[in-house]
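Asker:
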Amino acid sequence: MLTVQGGDPTITFEWKVTYGTISPLGVPVKGILINGQFPGPNINSTTNNNVIVNVFNNLDEPFLLTWSGVQHRKNPWQDGVLGTNCPIPPGTNYTYKFQVKDQIGSFIYYPVTAMHKAVGGFGGLRINSRLLIPVPYADPADDYTIIAGDFFNKGHTTLKKILESGRNLGRCDGVHINGKVAKGDGSDEPLFTMEAGKTYKYRICNAGIKTSLNVRFQGHTMKLVEMEGSHTVQNDYESLDVHVGQCFAVLVTADQEPKDYFVVASTRFTKREVTATGVIRYTNGKGAPSPKLPPPPVGWAWSLNQFRTFRWNLTASAARPNPQGSYKYGSVNITRTIKLANTAQKVDGKLRYAINGASYVEPTTPLKLAEYYGVADKVFKYDTIPDDPPAEITKVTMEPVVLNLTHRNFMEIIFENRETAIQSYHLCGYAFFAVAVETGQWSPEKRKNYNLLDAVSRHTIQVFPKSWAAILLSFDNCGMWNIRSEVWDRRYLGQQLYVSVVSPNKSLRDEYNMPEGTLVCGVVESMPRPPPAYT
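First residue of the sequence shown: 1, per the UniProt record's numbering; consecutive thereafter.
1) What is the DSSP secondary structure of P504, counted as helix, strand or coil?
2) For L508, which residues of its own chain have a beta-carbon under 7 Å away from its beta-carbon, when the five flanking residues on both sides are left out?
3) Taking contact to mean 3 or more Cβ pairs, one atom from each stretch, closer than 8 Å, check whether the region 383–403 and the region 447–466 are in contact.
4) From this set, T95, N93, N49, F152, which residue's C-alpha is nearest D102's C-alpha?
5) Does the Cβ-Cβ distance between H72 and H116 come in under 9 Å?
6) My output table needs one value for F307: the three-state DSSP class, helix, strand or coil.
7) Do the region 485–493 and the region 196–215 meet, that is, are 3 or more Cβ pairs less than 8 Å apart?
8) If we ignore side chains and look at the alpha-carbon of each, how far apart do T270 and I133 end up?
9) With a threshold of 7 Å on Cβ separation, who are the neighbours of K223 within its own chain once the five nearest residues in sequence on each side are excluded?
10) Report yes if the C-beta distance between N437 and F475 is below 9 Å; otherwise report no.
11) How is Q78 classed by DSSP in three states: helix, strand or coil?
12) Let me make sure I understand the geometry here. Which of C478, G219, G105, S485 has the alpha-carbon closest to that of N505?
13) In this structure, how does DSSP classify Q324 when only helix, strand and coil are distinguished?
14) Would you say the beta carbon of N54 comes nearer than 8 Å to a heavy atom of the ligand NAD?
15) If N482 and V51 are in contact, beta carbons under 8 Å, what's the gap, nearest whole angstrom?
16) Considering only their Cβ atoms, is the gap separating G229 from A148 smaller than 9 Å?
17) So A470 is in the beta strand (DSSP E); what residue range does that whole segment cover?
18) Check Y492 in the structure and name its three-state DSSP category.
19) Could you tell me whether the Cβ atoms of T365 and V379 are closer together than 9 Å?
20) Out of T283, F13, A301, state which residue places its alpha-carbon closest to the alpha-carbon of E189.
21) What whole-angstrom Cβ distance do G105 and I127 have, given they're in contact under 8 Å?
22) Just to confirm, is the Cβ distance from K201 to D143 under 9 Å?
23) Using a Cβ-Cβ cut-off of 6 Å (strictly less than) and excluding sequence neighbours within five positions of G20, which residues of its own chain qualify?
24) Can you look up V135 in the DSSP assignment and give me helix, strand or coil?
25) Nearest to V242 by alpha carbon, out of I162, P258, I146?
26) According to the neighbour-count rule (16 or more other Cβ atoms, all chains shown, within 10 Å of its Cβ), is residue 612 buried or exposed?
27) So for A316, helix, strand or coil by DSSP?
28) Alpha carbon to alpha carbon, how far is P465 from L519?
29) Using a Cβ-Cβ cutoff of less than 8 Å, which residues in the same chain neighbour F107 once the five nearest sequence positions on both sides are dropped?
30) For D143, does the three-state DSSP call read helix, strand or coil?
31) Of all Cβ atoms in chain D, is any one closer than 9 Å to the Cβ of C428?
32) If you pair each beta-carbon of the region 302–309 with each one of the region 411–420, do three or more pairs fall below 8 Å?
33) Count the CB pairs spanning the region 382–393 and the region 351–361 that are closer than 8 Å, and state whether there are at least three.
34) From the DSSP output, in three-state form, read off R171 for me.
35) So what does DSSP say about V499, is it helix, strand or coil?
36) If you draw a straight line from the alpha carbon of P297 to that of G245, how long is it in whole angstroms?
Laid out in structure tokens, this is it:
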């Protein structure tokens, strides 16, 4: 529902979260549906819209959604992660209220509780440009969303038990595209239709739990136009690697013989390649898709080289009238460098994943609530890990990890992958400049290889085996924000942390007070609500 009452338009959604049987790979699994749908409904918004989502939790367990990539300027209370929000208890509802302020792009929402994300509760979230801000391409004939991901037939409760027994999830059973896999026998209904001669926008998101995917269109090239929340230089691609948590937008022109074609998603960096297809149908076309699928790329060096071709479109306007490139991030002085090194180790005989020797443990009180109520010392300690981890990490502690950052500091974060598995990291509340991804170990001399002109501004970055990635950003958005592995068994077993950015002036210009209706839990549940912290 869309309403306008002075100011920016408001769109409102009523969502019922229920269990239901899903079978994306042909095997019935207890899934999580939103309004009966798997994947869940698309949120179709426009820059600066106010979004209200009333979520009824009809499960028999707590449930919480996060809006991945929405920056929630000054408003961490709506981020929907367990460090800021209490989960919604069974049989109750919670209303999210946030503004998609000064953003455009393609994003996803998904659950962060238990292993719910493995069986649904996720969907697409698009933020369209306002009509008065031109986009650097002609309006497409239609705008489609592809939500692809790996899938495990074991179900979310079994997956949770596997992790809590101290093992990782192993290989997925298959891949789905929008909750389905084409049979390829001529009986498939099309996922999308195209009319010959017209161009279509496809928003492609990897909502899986651990596996990178390669996506390609049979017989068609893709023109990359957006990556998460940024316009990109418009290069053509035969296939794109989409790592867990990432979203790309491409243009595809219907310029082939009118018949059916496959869109293909296949696993990357796995011993056994698994492929899913979906049908794209030309209107008035005749003929089934060819069984010969376009081949996937081989190895991760190809993927690293593809990353280097991604460029920010400096002349395009994004959410504001001024061009993206008017912000010269490459000329800002770095005030602090933090290196985050991931490791896998056994603690008491069970597998844990850690960052700088600390494996994150979820407290029963959300970190932000503890901070706001003035009882942070009862829940966590700040800065328990070093900015520069030792070359050998032999001991792992298990604790909540919170870094105390100075408001508006311009920072460099290095993600150092000391393992042989690919990583995908997400930062809530911000977009950052992904200035380098390289093999080997990072050192200050590597800064000469940074892209300081047109690195894409985004919120999720992959790190290849025995490699590193560097990001630059200004921490100008006050709140408690999650840095996490998007590889879900890693996140669940400790590969995440939070950063606290506090308004030095306690000003409402920097951060909103805790809203009415905020759920409280843990040590603050019985405490009186504190007076507003910001004025």
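Beta carbons are placed, not taken as given, at the ideal position from N, Cα and C, and that holds for glycine.
Answerer: The structure says:
1) The three-state secondary structure of P504, taken from DSSP, is coil.
2) Within the same chain, L508 has close Cβ partners Y534, T535.
3) By the criterion of at least three beta-carbon pairs nearer than 8 Å, the region 383–403 is not in contact with the region 447–466.
4) If we check each option's Cα against that of D102, N49 comes out closest.
5) At least 9 Å separates the beta-carbon of H72 from that of H116.
6) DSSP places F307 in the helix class (H, G or I) of the three-state scheme.
7) Yes, the region 485–493 touches the region 196–215.
8) Each residue's Cα considered, the two are about 42 Å apart.
9) Short of 7 Å from the beta carbon of K223, and not among the five residues preceding or following it, lie these beta carbons of its own chain, in chain order: Q234, D236, V250, L251.
10) It is worth fixing the name first, because residue 437 is Val in this sequence and not Asn. It is not a contact, given that the beta carbons lie outside the stated cut-off.
11) Reduced to three states, the DSSP call for Q78 is helix.
12) Nearest C-alpha to N505: C478.
13) Here DSSP, grouped into helix, strand and coil, assigns Q324 to helix.
14) Questions concerning the ligand NAD fall outside what the structure shown contains, since it holds no ligand whatsoever.
15) About 20 Å; that fails the 8 Å criterion.
16) Cβ distance not < 9 Å, so A148 and G229 don't count as in contact.
17) In the DSSP annotation of this structure, the continuous segment of the beta strand (DSSP E) that includes A470 starts and ends at 467–474.
18) Looking at Y492 - three-state DSSP - the assignment turns out to be helix.
19) Contact check for T365 against V379 passes: the beta carbons are separated by less than 9 Å.
20) It is T283 whose Cα lies nearest to the Cα of E189.
21) Your pair G105 and I127 checks out as a contact, with CB atoms roughly 6 Å apart and the cut at 8 Å.
22) Yes. Within cutoff.
23) Taking C-beta separations shorter than 6 Å and ignoring five residues to either side along the sequence, the partners of G20 in its chain run G31, L33, following chain order.
24) Of the three classes helix, strand and coil, the one that applies to V135 here is coil, per DSSP.
25) Taking only the C-alpha atoms, the option nearest V242 is I146.
26) Within the shown structure, residues of the chain are numbered from 1 to 535, placing residue 612 beyond reach of any answer.
27) In the three-state reduction of the DSSP assignment, A316 falls in the coil class, being assigned neither a helical nor a strand state.
28) Between P465 and L519, the C-alpha separation is close to 40 Å.
29) Short of 8 Å from the beta carbon of F107, and not among the five residues preceding or following it, lie these beta carbons of its own chain, in chain order: W67, S68, G69, V70, G124, L125, R126, I127, C205, E228, G229, C247.
30) Correct three-state label for D143: strand.
31) Among the protein chains of the structure shown there is no chain D, as only one such chain exists.
32) Segments in contact, no.
33) Yes: at least three Cβ pairs fall under 8 Å.
34) DSSP places R171 in coil when its eight states are reduced to three.
35) DSSP places V499 within a strand segment (E or B) once states are collapsed to three.
36) Taking the straight line joining both Cα atoms gives about 20 Å.
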